[in-house]
Amino acid sequence: TIDKANAAQVYISSANAMTEDGQLINIDGNGNRVAATAYGNGKKVYFLVSVNKILPDFESALNRARQTAAVQNIKRFDVKTPCKVDDKCHDCHGENCMCRVLMVHWGPSRLVPTEVVLIDEELGKRNKKDDTSNQSHII
């Protein structure tokens with residue numbers, strides 16, 4: 154909740170995508186998850202970013218945020234959206250759309266110390282049609 158985020162000594166988040174020059178991109182339904190990454194309540198914000206989320210430029214990073222992270226995120230909710238059906242962003246902007254807030258960090262906030270921690274592993278959600286290397290198999 155916002156109250157818990159405000160009381161936290163540090164705020165830990167990830168990014169849906171990051172450009173090679175350090176721009177962090179997040180898409181959120183309400184903005185509550187990303188708001189504290191901008192103001193951090195004067196404490197410290199850490200972004201944990203795995204290597205599979207690093208892309209060459211803004212356009213490819215935004216595409217990853219929309220076409221991979223957002224369409225995987227919607228699956229956690231009991232809503233009906235076109236992207237939940239076919240794993241593809243439709244720019245629906247419907248009532249249940251989870252893509253209402255786009256946050257781009259072009260650099261650290263002046264209000265809060267911010268640190269990006271790069272993780273040399275492929276973590277987080279991947280679009281199943283793009284990457285099947287991390288699938289579990291029943292033996």
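In my numbering, the protein residues as written are 154 to 292.
Glycine included, each C-beta is placed from N, C-alpha and C at the ideal position.
These numbers were taken from a predicted model, which means no experiment stands behind them.
- The three-state secondary structure of D239, taken from DSSP, is helix.
- Counted as a single uninterrupted DSSP element, the beta strand (DSSP E) harbouring T172 occupies residues A170 to T172.
- Following the DSSP letters along the chain, one finds E212 inside the alpha helix (DSSP H) bounded by residues F211 to R217.
- Between L276 and S203, the gap from beta carbon to beta carbon is short of 8 Å.
- Where N179 is concerned, there is no enclosing alpha helix (DSSP H), although the beta strand (DSSP E) around it starts and stops at L177 to D181.
- Rounded to the nearest angstrom, the gap between the Cα atoms of G247 and L208 is 28 Å.
- When the beta-carbon positions are compared, L177 and V270 stay at least 8 Å from each other.
- Between Q225 and C242, the gap from beta carbon to beta carbon reaches 8 Å or more.
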